[in-house]
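Asks: In this note's numbering, the protein residues as written are 3 to 1021.
(1) Tell me which same chain residues have a C-beta within less than 6 Å of the C-beta of residue 766, skipping the five on either side of it?
(2) Taking the C-alpha atoms as reference points, what is the distance between residue 367 and residue 340?
(3) Tell me, please, whether the region 820-828 touches the region 246-259 by the rule of three or more beta-carbon pairs shorter than 8 Å.
(4) When the Cα atoms are used, what is the spatial distance from residue 553 to residue 126?
(5) Would you list the residues sitting across from residue 359 in a DSSP beta bridge?
(6) For residue 464 versus residue 579, is the C-beta spacing smaller than 7 Å?
(7) Are the beta-carbon atoms of residue 3 and residue 82 separated by less than 7 Å?
(8) Checking 7 Å against the spacing of the C-beta atoms, do residue 863 and residue 196 come in under that value?
(9) Taking residue 764 as the reference, give the member of 110, 574, 343 and 308 with the closest Cα.
(10) Where does residue 289 land, buried or exposed, given buried means 16+ other C-beta within 10 angstroms?
(11) With a threshold of 6 Å on Cβ separation, who are the neighbours of residue 11 within its own chain once the five nearest residues in sequence on each side are excluded?
(12) Take residue 1006 and list the residues in its own chain whose beta-carbon comes closer than 8 Å to its own, dropping the five residues that flank it on each side.
(13) Report the residue from 934, 982 and 457 whose alpha carbon sits nearest the alpha carbon of residue 609.
(14) Let me know if residue 198 comes out buried or exposed under the rule of 16 or more other beta-carbons within 10 Å of its beta-carbon.
(15) Using the C-alpha atoms, what's the distance from residue 334 back to residue 733?
(16) Per DSSP, residue 730 is paired with what?
(17) My output table needs one value for residue 996: the three-state DSSP class, helix, strand or coil.
(18) Apart from the five residues on each side of it in sequence, which residues of its chain come closer than 8 Å, Cβ to Cβ, to residue 136?
(19) By a C-beta neighbour count over all protein chains shown, 10 Å radius and 16 as the cutoff for buried, is residue 647 buried or exposed?
(20) Go through its chain and collect everything with a Cβ distance to residue 346's Cβ below 8 Å, but skip five positions before and after it.
(21) Considering only C-alpha positions, which residue in the set 792, 830, 776 and 327 is nearest to residue 727?
(22) Using 8 Å for Cβ pairs, my map puts residue 934 next to residue 27. What's the rounded Cβ distance?
(23) Quick one: what does DSSP say residue 203 is sitting in, helix, strand or coil?
(24) Mind checking whether residue 844 and residue 852 have CB atoms under 7 Å apart?
(25) Return helix, strand or coil for residue 828, following the three-state DSSP convention.
(26) What are the residues that DSSP puts in a beta bridge with residue 848?
(27) What residues in its chain sit with their C-beta under 6 Å from that of residue 575, if we drop five residues either side in the sequence?
(28) Among the residues of its own chain, which have a CB less than 8 Å from the CB of residue 438, if the five just before and after it don't count?
(29) Going by alpha carbons, who is nearest to residue 569 out of 469, 624, 544 and 661?
(30) Since residue 1065 contacts residue 951 with CB under 8 Å, what's their CB separation in whole angstroms?
(31) Under the DSSP definition of a beta bridge, which residues are partnered with residue 131?
(32) With a threshold of 7 Å on Cβ separation, who are the neighbours of residue 274 within its own chain once the five nearest residues in sequence on each side are excluded?
(33) Alpha carbons only, please: which of 447, 502 and 565 is nearest the one belonging to residue 476?
(34) How far does the alpha helix (DSSP H) with residue 320 in it extend, from its first residue to its last?
(35) In chain order, what residues of the same chain lie with their CB nearer than 8 Å to the CB of residue 550, ignoring the 5 residues before and after it?
(36) Counting pairs of beta carbons, one from the region 342-360 and one from the region 770-785, are three or more of them closer than 8 Å?
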């Protein structure tokens, strides 16, 4: 990674834009960054870190701090832009933090979101934007550099005093720093994973033990009294021997439960014998009580039956009378029906007579019938008059139709005469349309022949103008290609000349002591030639020659491209000025013009297109005009024919109207006589019909009333005769005695019930067993029931105890088998727990097998620290003139764990001692050597990413002059790996020793930077 340029705007102490050219500063390999305290030296390094990672190092990124400069104007945004090369790619990163800005509308400020931009430089297309996403840019930079922000700040920006503290720190603090740099989280994750597996396995073992103990609790509950005799073993989950103790205790509980089962079976047998005897005694007492109760109930029923005998006799007498009255019931029903019929007939007669005239109110049926016959005869005589009236109405309808036809024919005749009057003008106009359409077709064909050439000339003119612009661009590209080819040729010749000038030095590099020279043949080479300044090798010359050939090829291609464009331009120009002999005058004028413009030709094409379209539309109406003429001729013939037909119909209608008038006059004489006083014959006939209906209805109702009266008198005679024969004095007495079917069935049911009850009581009084039981002492079933209930309760208790004992034995067997299965299933889990616990203790440093109590992460970091110490010793020997070496120590310090110790070996004394015993200056260069060694190891760990730019912050003031020279020699040797080192320091002696400097000057309006390269100073 190499830094090229850094632009800082309104960042930290810098109020305006400051530009830092790292390419100029890095040319010497070693440059100095200096300035007064608080000027902003560290802010330059913060800007580099912010551009790369979007954050500044350490506590300077704490919440509440702002990166914006207090010296910056309100309209100048805070921005950092860094240009660098990493991973073979040249990048430009621009970042703006979240910052307030004035509102575009109104007063006050608003917060602008953070912005980021990543651009990549392409040799052909220049700078190309790649991403504006904070996350994408961060991932891209981290992947290219291969380090996190913490690693970068420790490796590239060697911070003030951090490595001195690292040198003197204890193992725990040293482990935290190394863990961040080398990212040993995966090893810590292994420790955590093993610890988690141990916890999981331990939880599984405890869960299995909990299940076994839960089964033991259920066994104790199922054992009942046996569980109280043999208490459950007092063990905790995870304790060894828990499974064996539980299984042994369960076997004891099962044995005790089987003994209690045998005792319960014997108790049940004795209870069953007692229950059988008590049941027999209870049945005997219940039978005696039932017989005694039956005899007492029979006596009560006999007394009740005798008390109901008088009612029974009355029911029998009433039933006999009702059955005699049933013989009169048909005559009663017949008389009632005859009376109802007479009433209906009388009502109908009264209604029909009320609609007749008063003179007919007392008329008899014969008189009414005679009047009806007379009216019917008169009504039959009106049929001929009704036919005449209908014919008269038809004549009126026909006369109306004739009038309507006459009006329609008159309108038709007037319309036909009007249309035929303009027929000649219409025919002349249609013939003119046909002639005009034929002429337009001829013109459209001629215009089509002129339009296609005009369009081709317009397309050619457009191609001509486009090719003219393309030719101008091709000429410019040819000029550039020629200049580039000339420059590459001069560069190639210059490189070739420089190589030939120092060709002797190039041959001298191939000389081997004792072997003959390829030029002079001598085996001695006393003074081999040395290359001068600016010497180039053959590869450089070949590259320059290849570049020249590519430039020549590009020039040839540009010449060919220009020739092709010019040929196309000439062809298009010639096609645009072509003319045809058959064009009109306006067309010829446009054609004879030298290089006619596109506008001129476009106007010509538009005019021809418009004229052709108009002529084509007119010509398209030829067929329509001919069809219109044919249709008009057909219409003329049809209208003439319609007029003649209408005139003939007028004559026929006149004759028909005269005949209708004569017929209607003769019909009117007949109708006047037939109407009488009515408006029409139909109305008079309807009046006669209504009178006929009323007379017929009245005659019918009178005859029906007379018939109903005769039937009523006959029903009265039959009823009186039936009552006398049934033994009743009057029909009314028979009607009062009459009962319905329901009443007779109710009486018969009461009579039958009393007789059945009397017979049943007599039978039960004759039973000898009930009478003998009644003579005995009263039965005592309640006392026998109590004895039986007590025997039954004892039987149930004994049976329940036996079932409980059996269930307890079965449950104990089932639970014991489950406990044995749980013990067998937990065996592999317990073995896995022991194995994982040993591994977790070993990686955590708590196992007895880990003698140094070293964690896995510390073990890995110890290996890295050993590499760092070896890399740092290579530089520390030079800085200390071979006196000191750094070594890793895994010895334990006090009661703490070992693995990350760091000691120094003093070659003068040959002893190994703690780094805390070094002096201030010795601590500085030891820390510096440790930092450089750590940078090398971290770089290798990150995938070998080259770190071409390093910064070292302070500490040089503690060195004497000789040690300072040695330290600077070590730093200067970093240039051998094409590195540049920036030293941040206040030491004035360094300003004399390091010519390339970047000075940060503190001013009232904000700090500014100044470059010093050699003897020059620039802002």
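Cβ atoms here follow ideal geometry from the backbone N, Cα and C, with glycine treated the same way.
Replies: According to the structure shown:
(1) Counting only Cβ-Cβ distances below 6 Å, and skipping sequence neighbours, we find 300.
(2) Cα to Cα, the separation comes out at about 22 Å.
(3) Yes, since at least three Cβ pairs between the region 820-828 and the region 246-259 fall closer than 8 Å, the two stretches touch.
(4) Their Cα atoms are separated by approximately 15 Å.
(5) Answer is none; residue 359 lacks a bridge partner.
(6) Taking 7 Å as the Cβ cut-off, residue 464 and residue 579 do not qualify as a contacting pair.
(7) Contact: no.
(8) Taking 7 Å as the Cβ cut-off, residue 863 and residue 196 do not qualify as a contacting pair.
(9) Checked all of 110, 574, 343 and 308; the closest Cα to residue 764 is 308.
(10) Exposure of residue 289 is indicated by the presence of fewer than 16 other C-beta atoms within 10 angstroms of its C-beta.
(11) These residues qualify, in order along the chain: 19 and 81.
(12) Excluding residues within five positions, none has a Cβ falling inside 8 Å.
(13) Ranking 934, 982 and 457 by CA distance to the CA of residue 609 puts 457 first.
(14) Residue 198 should be labelled exposed.
(15) Going from the Cα of residue 733 to the Cα of residue 334 covers about 8 Å.
(16) DSSP lists no bridge partner for residue 730.
(17) Residue 996: coil per DSSP, three-state reduction.
(18) Result list for residue 136: 56, 116 and 118, in chain order.
(19) It is exposed - the Cβ of residue 647 has fewer than 16 other Cβ atoms within 10 Å.
(20) Hits under 8 Å: 710.
(21) Closest by alpha carbon: 327.
(22) Rounded, the Cβ-Cβ distance is 20 Å, inconsistent with contact.
(23) Residue state for residue 203 is assigned as helix, using DSSP reduced to three classes.
(24) Closer than 7 Å, so yes.
(25) If DSSP states are grouped into helix, strand and coil, residue 828 belongs with the helices.
(26) Partner(s): none; residue 848 has no beta bridge.
(27) Excluding sequence positions up to five before and after residue 575, its CB lies within less than 6 Å of the CB of 466, all in the same chain and listed in chain order.
(28) Once the five neighbours on either side are set aside, the close Cβ partners of residue 438 are 620.
(29) For residue 569, the nearest C-alpha among the options comes from 469.
(30) No statement about residue 1065 is possible, as the shown extent of the chain runs from 3 to 1021 and does not include it.
(31) Residue 131 is bridged by DSSP to 121.
(32) Correct list, in chain order: 797.
(33) Comparing alpha-carbon positions, the option among 447, 502 and 565 lying closest to residue 476 turns out to be 565.
(34) Element bounds for residue 320: 311-327.
(35) Once the five neighbours on either side are set aside, the close Cβ partners of residue 550 are 487, 490, 491, 493 and 494.
(36) Because the criterion of three Cβ pairs below 8 Å is not met, the region 342-360 and the region 770-785 do not touch.
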